[in-house]
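**Student:** Before I ask anything, let me first share the structure, which is written out below as C-alpha cells.
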Amino acid sequence: MFLAYCAECDRRTLLGVDEIDWVENLTRGVLSVSGRCPRGHEVVILTGDAFTPHRDPRYFGPAPRVWTRPLHRMRGWLRTRFETSRNLPGPFYRF
Ligand SMILES: [Zn+2]
Numbered sequence: 001m002f003l004a005y006c007a008e009c010d011r012r013t014l015l016g017v018d019e020i021d022w023v024e025n026l027t028r029g030v031l032s033v034s035g036r037c038p039r040g041h042e043v044v045i046l047t048g049d050a051f052t053p054h055r056d057p058r059y060f061g062p063a064p065r066v067w068t069r070p071l072h073r074m075r076g077w078l079r080t081r082f083e084t085s086r087n088l089p090g091p092f093y094r095f
C-alpha cells in the first residue's frame with residue numbers, strides 16, 4: 001500500500017495494489033508508482049531506497065579515548081607550561 005496525495009481532491013488516500021497502474025524504475029533507488037485515487041484522478045508517487053534515511057557511512061562516531069588521551073595529556077602539559085612561563089624571558093624585553 002502507498003499513501004498518495006491527490007491534488008485535485010486535496011486529500012491523502014491509500015493506494016492498494018489494485019489501484020496501481022504501473023511502476024517504473026527511474027534510476028537506482030528511485031521508483032515511480034502511478035495509480036488512481038478512488039475518484040479516478042491520476043496520482044504519482046516517488047519512492048524507493050533513495051528516500052529511506054540511512055546513517056552516514058562516512059561518520060564513525062567520536063574518536064576513541066585511546067586516540068584522544070595522548071592529545072588531551074599533551075594539551076594539559078602545554079597549558080601548565082604556558083601558565084608557568086607566561087612572562088617573557090629577559091632577552092625579549094626591549095626596555
Ligand atoms: Zn482524486
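Under UniProt numbering, the residue at position 36 of the sequence shown is numbered 36, and the numbers go up by one with no gaps.
We put the beta carbon where it would ideally sit given N, CA and C, even for glycine.
None of these values were measured; they are calculated from a predicted model.
Please identify the residue among C6, V30, V66 whose C-alpha is closest to the C-alpha of L46.
**Tutor:** Nearest C-alpha to L46: V30.
**Student:** Taking 6 Å as the limit, name every residue whose beta carbon sits nearer than that to some heavy atom of ligand 1, in sequence order.
**Tutor:** That gives C6, E8, C9, C37, R39, H41.
**Student:** Given 8 Å as the limit, is there contact between the region 65-81 and the region 36-45, that is, 3 or more CB pairs closer than that?
**Tutor:** Not touching, per the Cβ criterion.
**Student:** Check the C-beta distance from S32 over to L26 and give it rounded, since I have them as a contact under 8 Å.
**Tutor:** The pair is a contact, with the Cβ atoms about 5 Å apart (cut-off 8 Å).
**Student:** With a threshold of 7 Å on Cβ separation, who are the neighbours of E19 within its own chain once the five nearest residues in sequence on each side are excluded?
**Tutor:** Excluding positions up to five away in sequence, the list reads G35, R36.
**Student:** In three-state DSSP terms, what is D49?
**Tutor:** D49 falls in the helix class under three-state DSSP.
**Student:** Given a threshold of 16 other Cβ atoms within 10 Å of its Cβ, counted over all protein chains shown, does V43 qualify as buried or as exposed?
**Tutor:** Buried is the call here.
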